[in-house]
Amino acid sequence: IRSLFLCLSLSFFFVFFFLFFPSCFFLSFLVFWIFFFLQKLAICSTALLSRLSIGFEPPLPPFKVRERETKKKKGATFFFCLLLFFLASTSAMAESSVIEHEAKAEHVIHCFETLLCYFDNVKGPGPVFQDAYCPLFVTWKKKARVGNEEPRLRGCIGTLEPKDLHSSLGEYALISALRDRRFNPIDVKEVQSLLCTVSLLTNFERNLTWLDWEVGKHGMIIEFEDPSSSVSLSATYLPEVAQQQGWTKQECIDSLIQKAGYYGKVTEDIRRKIRLTRYQSSLCTMSYQDYIMMKESN
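Numbered according to the numbering used here, the sequence shown spans residues 8 to 305.
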């Protein structure tokens with residue numbers, strides 16, 4: 008019965024981690040069996056030493072033998088419980104830091120080619136990268152004429168809903184370049200000065216407070232109600248925004264509240280009522296000159 012219970016417990020454990028922590032499953036599996044065999048090796052070594060010492064020590068009474076076996080079984084049970092707890096905690100922490108989808112040069116090349124095909128009035132390119140299903144953003148910036156100036160934003164649009172990359176990346180490359188209402192559409196004469204960044208979003212964690220995020224690591228989505236009209240408002244910043252602007256957490260959240268459409272005084276009460284979702288992203292940035300070099304090298 009005890010062996011059956013142990014087998015069922017282990018089966019449940021590994022099925023659970025395979026379903027909910029797939030990126031850490033094989034690591035957890037390997038670590039588990041390493042500890043398992045080390046523990047069995049320790050038990051076998053103890054038994055071997057006990058047998059070798061039979062001729063040198065007086066035999067133990069039967070009740071002492073049963074007591075020793077009981078202690079061994081309790082120790083093994085405790086070991087397995089401790090190991091399962093260790094794997095559960097480390098796998099969960101590792102999973103939260105793993106970037107599930109990685110932005111690559113192929114994604115940015117696809118954005119440049121889609122924009123160039125639009126200007127040439129020809130059909131856009133087919134995707135040559137692996138498909139994925141995730142939220143994404145495409146950002147276009149224009150390099151400054153003076154070398155030490157920061158590139159100027161020309162468009163940044165994406166979606167927080169998971170999308171199929173093969174069908175959506177080119178679409179959002181054009182929407183960001185041509186339909187961002189904050190800017191005039193990008194002109195063909197600007198292409199040689201452009202920088203393109205593809206952001207793939209992952210690791211969403213919901214129902215947090217306005218302080219539960221790290222500058223430079225997390226993007227955030229805030230949701231709150233306008234206290235004067237009870238209208239629901241929301242907005243997001245990508246993970247790199249706060250660090251690039253040199254903001255503190257409070258400065259970033261206050262700016263995000265205004266971006267959401269609230270222009271009244273930002274109070275601590277409004278911040279406390281924010282429902283925050285944090286996420287991480289994988290970025291790949293490339294200039295037009297880098298794009299040309301990669302195309303020529305391929």
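Cβ atoms here follow ideal geometry from the backbone N, Cα and C, with glycine treated the same way.
Predicted model only: the values in this text are computed from it and were never measured.
Open item on the list: Can you give me the C-alpha to C-alpha distance between Gly253 and Val129, rounded to a whole angstrom?
Closed with: Numbered from 1 along the sequence shown, position 246 holds the residue referred to as residue 253. Numbered from 1 along the sequence shown, position 122 holds the residue referred to as residue 129. So the alpha carbons of these two residues sit roughly 42 Å apart.
Open item on the list: To the nearest angstrom, how far is the alpha carbon of Trp147 from that of Trp217?
Closed with: As a first step, residue 147 must be located in the sequence shown, where it is residue number 140. As a first step, residue 217 must be located in the sequence shown, where it is residue number 210. If you take the alpha carbons of Trp147 and Trp217, they lie about 28 Å apart.
Task: Rounded Cβ spacing between Thr209 and His108 (contact assumed at less than 8 Å) - done: Here residue 209 corresponds to residue number 202 of the sequence shown, with the count starting at 1. Here residue 108 corresponds to residue number 101 of the sequence shown, with the count starting at 1. Between His108 and Thr209 the Cβ distance is about 5 Å, and since that is below 8 Å, they are a contact.
Task: Of the listed residues Gln137, Tyr244 and Gly177, nearest to Val222 (C-alpha basis) - done: As a working mapping, residue 222 is identified with position 215 in the sequence shown. Nearest option by C-alpha distance: Tyr244.
Open item on the list: In whole angstroms, give me the CA-to-CA distance for Met300 and Ser294.
Closed with: By 1-based counting over the sequence shown, the position of residue 300 is 293. By 1-based counting over the sequence shown, the position of residue 294 is 287. For Met300 and Ser294, the distance between alpha carbons rounds to 10 Å.
- [ ] Assuming Lys170 and Pro132 form a contact by the criterion Cβ under 8 Å, report the distance between their Cβ atoms to the nearest whole angstrom.
- [x] Here residue 170 corresponds to residue number 163 of the sequence shown, with the count starting at 1. Here residue 132 corresponds to residue number 125 of the sequence shown, with the count starting at 1. So it is not a contact: roughly 18 Å between Cβ atoms.
TODO: Would you give the residue range spanned by the alpha helix (DSSP H) that Glu247 belongs to?
DONE: Position 240 of the sequence shown, counted from the first residue, corresponds to residue 247. Per DSSP, Glu247 belongs to the alpha helix (DSSP H) from Pro246 to Gln252.
Task: Counterpart residues of Met227 in DSSP-defined beta bridges - done: Here residue 227 refers to the residue found at position 220 of the sequence shown. BP columns for Met227 point to Tyr244 and Arg285.
Task: With 16 other Cβ atoms within 10 Å as the buried cut-off, status of Phe144 - done: For the purposes of this step, residue 144 is identified with residue 137 of the sequence shown, where counting begins at 1. It is buried - the Cβ of Phe144 has at least 16 other Cβ atoms within 10 Å.
- [ ] Express the C-alpha separation of Leu263 and Glu303 in angstroms, rounding to a whole number.
- [x] By 1-based counting over the sequence shown, the position of residue 303 is 296. By 1-based counting over the sequence shown, the position of residue 263 is 256. If you take the alpha carbons of Glu303 and Leu263, they lie about 41 Å apart.
TODO: Over the uninterrupted alpha helix (DSSP H) stretch that includes Arg279, give me the two end residues.
DONE: As a working note, residue 279 is residue 272 in the sequence shown. Looking at the DSSP string, the run of the alpha helix (DSSP H) that includes Arg279 is Glu275 to Arg279.
Task: Residues that DSSP places opposite Cys141 in a beta bridge - done: Residue 141 sits at position 134 when you count from the first residue of the sequence shown. For Cys141, which the question treats as bridged, DSSP gives the partners Lys170.
- [ ] Decide if Gly162 is buried, meaning its Cβ has at least 16 other Cβ atoms within 10 Å, or exposed.
- [x] Residue numbering aside, residue 162 sits at position 155 when the sequence shown is read from its first letter. Buried: at least 16 other Cβ atoms inside 10 Å.
TODO: Leaving aside the five residues before and after His114 along the sequence, list all residues of the same chain whose C-beta is less than 7 Å from its C-beta, in chain order.
DONE: Position 107 of the sequence shown, counted from the start, is the residue given in the question as residue 114. Around His114: Phe136, Leu176, Val205 and Cys291.
Open item on the list: Less than 7 Å between CB atoms is the rule here; does Arg189 satisfy it with respect to chain B?
Closed with: No chain B is part of this structure, which consists of one protein chain only.
TODO: Out of Leu215, Pro134 and Asp187, state which residue places its alpha-carbon closest to the alpha-carbon of Leu172.
DONE: Reading the sequence shown from its first residue, position 165 is the one you call residue 172. Of the listed residues, the one whose Cα sits closest to Leu172 is Pro134.
Open item on the list: What residue range does the beta strand (DSSP E) around Leu207 cover?
Closed with: If you number the sequence shown from 1, residue 207 lands on position 200. Its beta strand (DSSP E) spans residues Leu201 to Leu215.
- [ ] Confirm, please, whether the CB-CB distance from Ile281 to Ile229 is below 7 Å.
- [x] The count along the sequence shown starts at 1 and reaches residue 229 at position 222. The count along the sequence shown starts at 1 and reaches residue 281 at position 274. Their beta carbons are under 7 Å apart, which means Ile229 touches Ile281 by this criterion.
Open item on the list: If contacts are defined as beta-carbon pairs under 8 Å, then Arg278 and His225 qualify, I think. What distance do you get, rounded to the angstrom?
Closed with: If you number the sequence shown from 1, residue 278 lands on position 271. If you number the sequence shown from 1, residue 225 lands on position 218. Not a contact, Cβ separation roughly 17 Å.
Task: C-alpha gap between Met100 and Asn155, whole angstroms - done: For the purposes of this step, residue 100 is identified with residue 93 of the sequence shown, where counting begins at 1. For the purposes of this step, residue 155 is identified with residue 148 of the sequence shown, where counting begins at 1. Per-residue confidence for Met100 stands at a pLDDT of 42, beneath the threshold of 50, marking its modelled position as unreliable; the derived number appears in the next sentence. Approximately 40 Å between the Cα atoms of the pair.
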